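Peer 1: Submitted below is the structure of interest, expressed as structure tokens.
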Amino acid sequence: MISQYSGISPKGDLILLHKLGEKLNNRSFLHINSTRAGGGVAEILHRMIPILKDLGIDARWEVIEGDERFFDITKKIHNSLQGNFERITEDMWQHHYEVNRRNAERLDLDADAVLIHDPQPAPLIEFRKSGRWMWRCHIDMSNPVKEVSDYLIRYCSRYDAAIFSVAKFTRAMGIDEFIIPPSIDPISEKNRELTDEEIKETLNKFQIPTDRPIILQVSRFDRFKDPIGVIKAYRLVKKYNDCILILAGSPATDDPEGEIVLKEVQDYASDDPDIHILLLPPFSDKDINALQRAATVVLQKSLKEGFGLTVSEGMWKGKPVIGGATGGIPLQIIHGVTGFLVHSVEGAAFRIRQFLNNPEMASRMGEKGREYVRNNFLITRQIRDYLSVWYVIENKGRSVLEL
Amino acid sequence: MAEMIDPFEFKQCISLLKSTGKKAKNLRELRDAIAVVSDESIFHHTYQYFLKGHVLEYTNDFAHWAGESLEERALSEHLSNIDPYAFRNIDELRHELLNVIDSYLENFPEPREAMIGDEFYFNETITLTFPVGIKVKNLAEFLIAVKYIDAAAIYYHFYEARVRLGVDDFSKWLEDSLNKKELSEKIRSIDLFMHSIEGIREHIIEAVEREVRTEMEVIER
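Sequences listed follow chains Z and Y, in order.
According to this note's numbering, the residues represented by the first sequence are 267 to 669, in order.
According to this note's numbering, the residues represented by the second sequence are 7 to 227, in order.
In structure tokens form, the structure reads like this:
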């Protein structure tokens, strides 16, 4: 498994992974999140667990179960941590805790290291048995609703360490807080090389013409991803350059709002035949890969973003990317070097036009982007960092460690 | 019998980023935090700037933030001119940073605030070092290794070494083990602030390649 990354990932990362694998050999590493499908966390866990096992680590992945009310509450918690006001009553927090308590009874929480992903399973720390516990926050918590983040921090501050994707998401919690960006897997169905035939197959399936440039945004139908803003930008571009817009997204089981937003987007697109709104079933990775490879310009015009890995996905395919200057997107897009950062619909439209009219610049930035992703945003780097945090916690107090 | 040469062992390091919990939204807050933040944090925001591998408008994170987020161009030029390797320890460097900011604040007492979300976040790093399994014992092997080694190894031996030894690992080995004084000086004189890591790699390759070519032309009698 890990050998498949030779010649793709930086060699140093692979060497360090093997060394950490030797140090942590046969020890158990449990990951817990709240959905098996949909969204970046589940996606990366699907890929990460087999690699960890291949490195000699006894890795497990568990998913907490909850009723509709639980996911409604956690969606509200999620929204307020991203800065949208939602009222979370004591009763709701109690239900959040109670569902976690029931999961704790069901799940085997015994492990040498436990990595809890996002707020949904955060209360599991109350049922800790052994090992080092780390809380992994994938959300943009730079400007949260204070009461909600304060309540959640009661749980989080009991962990050995917290991990955030970006420095500005960190909160003062009185524990070690590491900054580890997420990653993409270059050999997964979503990112592997595709043949022209495979790309064509997808385009035919969705009846997407190839006679004009394609603007693409892949993301959940979520207001923070600004799908309406993307359509507005496309309409501005369309006055100057004939093009096609694809908005593609998969539903996630922990996101009850998705359907409402999808309806809004469909209404707004009205009957424009050049706007293709694709609701892809889970595990449509190959189709997403093909759409990204067929695209002329890849957009991620988010207003709020955890990290926005679709940016790295586009960059890995050598595509020119345009992203909203929010969350982790500025870490991936070095403005003017690996793509463009924008702050408005008009900005997005202007940069799309620039790319459409300067193919040489588009391909130069695309190449730079691919190399930048290779060095910074591949899954091997992320696993390397998780294992390093575990190793560092066990060797606390030292700022330089030799392996 | 041929003289035994100490091989050069390539190593590299990764830096695990850790938050200090401190941030600044204007120049005064930046100044006050620089005065008290850990040595590791000052180290990270100055010496480790080149780990980022792109750039190169500035030479450290403080200059970068002053230029990009506060839009205080003159201050960013002053800060960029600070050479961290010119100081004996982090405290001396910290004092120089404070001197530059203080004198700027005397002339321009009310610089603007950074936009929300664009504050300066003080981080520090925990470094993990490890050998990459490549040892070389002559110039030709060294040349091939430098060509293909990860950029992070170039960083470790060219930048990070100066903090450990006061000089880069490459030129030290070339002088001490291969007796290549001239080549060593050439490599030592590459301006580490004026190039990205890839740029440094190219300069080293160019200098070593020239030396290898010259060596090949020598007719031994």
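Ideal Cβ placement from N, Cα and C applies to all residues, glycine included.
Quantities reported herein were computed from a predicted structural model and do not represent experimental measurements.
(1) Which same chain residues end up closer than 7 Å to R559/Z when comparing Cβ atoms and leaving out the 5 residues on each side of it in sequence?
(2) Taking the CB atoms as reference points, tell me whether P13/Y and K141/Y lie closer together than 8 Å.
(3) Output yes if chain Y places a C-beta closer than 8 Å to the C-beta of F490/Z; else output no.
(4) What do you get for F136/Y, buried or exposed, if any count of 16 or more other CB atoms within 10 angstroms of its CB means buried?
(5) Beta-carbon separation of I481/Z and A535/Z under 8 Å?
(6) Residues of chain Z with CB closer than 8 Å to the CB of T135/Y, please, in chain order.
(7) Provide the residue span of the alpha helix (DSSP H) that contains F337/Z, from first to last.
(8) Skipping 5 residues on each side, what residues in its chain have a beta carbon closer than 7 Å to that of K28/Y?
(9) Identify which residue in E660/Z, W399/Z, E668/Z, F606/Z has its Cα closest to the Cα of L290/Z.
(10) Taking L23/Y as the query, report the chain Z residues whose CB atoms sit under 8 Å from its CB, ordered along the chain.
(11) Taking DSSP as the reference, what is the three-state secondary structure of Q558/Z?
(12) So, S47/Y versus A69/Y, is the Cβ gap smaller than 8 Å?
(13) Just to confirm, is the Cβ distance from I132/Y to S665/Z under 8 Å?
(14) Return the CA-CA distance between W71/Y and A438/Z, expressed in angstroms with no decimal places.
(15) For L502/Z and Q18/Y, what's the separation of their Cα atoms in angstroms?
(16) One question on the structure: do Y154/Y and Y53/Y come within less than 8 Å of each other, judged by their Cβ atoms?
(17) What number of angstroms, rounded off, separates the C-alpha of G572/Z from the C-alpha of K395/Z?
(18) In angstroms, rounded to a whole number, what distance separates the CA positions of R207/Y and I274/Z?
(19) Between which two residues does the beta strand (DSSP E) carrying C403/Z extend?
(20) Could you check if Y506/Z is buried or exposed, using at least 16 other CB atoms within 10 Å of its CB as the buried criterion?
(21) Quick check: the stretch 438-450 of chain Z against the stretch 639-653 of chain Z, are at least 3 beta-carbon pairs closer than 8 Å?
(22) How would you call I225/Y, buried or exposed, if buried means at least 16 neighbouring beta carbons within 10 angstroms?
(23) 8 Å is my cut-off, CB to CB: does A39/Y come that close to chain A?
(24) Could one say the Cβ of D451/Z lies closer than 8 Å to chain Y's Cβ atoms, at least one of them?
(25) Distance, Cα to Cα, V380/Z vs M400/Z?
(26) Hey, is K277/Z's beta-carbon within less than 8 Å of any beta-carbon in chain Y?
(27) At the level of alpha carbons, what is the spacing between F606/Z and I343/Z?
(28) So within the stretch 499-577 of chain Z, which uninterrupted beta strand (DSSP E) runs reach at least 3 residues, ignoring any that extend past its ends?
(29) When the Cα of W359/Z is compared with those of A370/Z, I453/Z, Q386/Z, D374/Z, which residue comes out closest?
(30) Go ahead and pull the three-state DSSP assignment for P493/Z.
(31) Between the stretch 352-368 of chain Z and the stretch 430-444 of chain Z, can you find at least three pairs of beta-carbon atoms closer than 8 Å?
(32) Mind checking which residues open and close the beta strand (DSSP E) that includes L128/Y?
(33) What number of angstroms, rounded off, separates the C-alpha of E215/Y from the C-alpha of F56/Y?
(34) By DSSP, does H201/Y sit in helix, in strand, or in coil?
(35) In three-state terms, what does DSSP make of S294/Z?
(36) In the structure shown, what three-state DSSP assignment does G580/Z receive?
Peer 2: Looking at the atomic coordinates:
(1) Closer than 7 Å at the Cβ level, and outside the excluded window around R559/Z, lie L460, I465, K583.
(2) In this structure, P13/Y places its C-beta atom within 8 Å of the C-beta atom of K141/Y.
(3) F490/Z does not count as touching chain Y.
(4) F136/Y is classed as buried because its beta carbon has at least 16 other beta carbons within 10 Å across all chains shown.
(5) Going by beta carbons, I481/Z and A535/Z fall outside the 8 Å limit.
(6) The answer, in chain order, is V666, L667, E668, L669.
(7) First-last of the alpha helix (DSSP H) with F337/Z: 334-347.
(8) Non-local beta-carbon contacts of K28/Y in its own chain, meaning distances under 7 Å to residues more than five positions away in sequence, involve A39, V43, F128 in chain order.
(9) Per the C-alpha coordinates, the member of E660/Z, W399/Z, E668/Z, F606/Z positioned closest to L290/Z is E660/Z.
(10) Neighbours of L23/Y on chain Z, chain order: A433, F444, I445, I446.
(11) Of the three classes helix, strand and coil, the one that applies to Q558/Z here is helix, per DSSP.
(12) No, the Cβ-Cβ distance between S47/Y and A69/Y is not below 8 Å.
(13) Yes; because the gap between Cβ atoms is below 8 Å, this pair is in contact.
(14) Looking at the two C-alpha atoms, the distance is approximately 22 Å.
(15) Straight-line Cα distance between these residues: approximately 48 Å.
(16) For Y154/Y and Y53/Y, no; Cβs fall outside 8 Å.
(17) If you take the alpha carbons of G572/Z and K395/Z, they lie about 30 Å apart.
(18) A straight-line Cα-Cα distance of about 20 Å links R207/Y and I274/Z.
(19) 398-403 is the extent of the beta strand (DSSP E) around C403/Z.
(20) So Y506/Z ends up on the exposed side.
(21) Touching, yes, given that three or more Cβ pairs across the two stretches are closer than 8 Å.
(22) Exposed, because fewer than 16 other Cβ atoms sit within 10 Å of the Cβ of I225/Y.
(23) In the displayed structure, chain A is absent; the protein chains listed are Z and Y.
(24) No, D451/Z lies away from the interface with chain Y (no Cβ there is under 8 Å from its Cβ).
(25) The alpha-carbon atoms of V380/Z and M400/Z are separated by roughly 6 Å.
(26) By this cut-off, K277/Z is an interface position.
(27) CA-to-CA, the gap between F606/Z and I343/Z works out to about 31 Å.
(28) Every beta strand (DSSP E) of 3 residues or more that sits fully in the stretch 499-577 of chain Z is shown, in chain order, as 510-515, 541-545, 563-566.
(29) The shortest C-alpha separation from W359/Z is found at Q386/Z.
(30) Reduced to three states, the DSSP call for P493/Z is helix.
(31) No, the stretch 430-444 of chain Z is not in contact with the stretch 352-368 of chain Z.
(32) Inspection of the sequence shows that residue 128/Y is occupied by Phe rather than by Leu. Annotation for F128/Y: the continuous beta strand (DSSP E) segment containing it runs 126-142.
(33) Straight-line Cα distance between these residues: approximately 25 Å.
(34) In the three-state reduction of the DSSP assignment, H201/Y falls in the coil class, being assigned neither a helical nor a strand state.
(35) Under the three-state reduction of DSSP output, S294/Z falls in the strand class.
(36) In this structure, G580/Z counts as helix in the three-state DSSP scheme.
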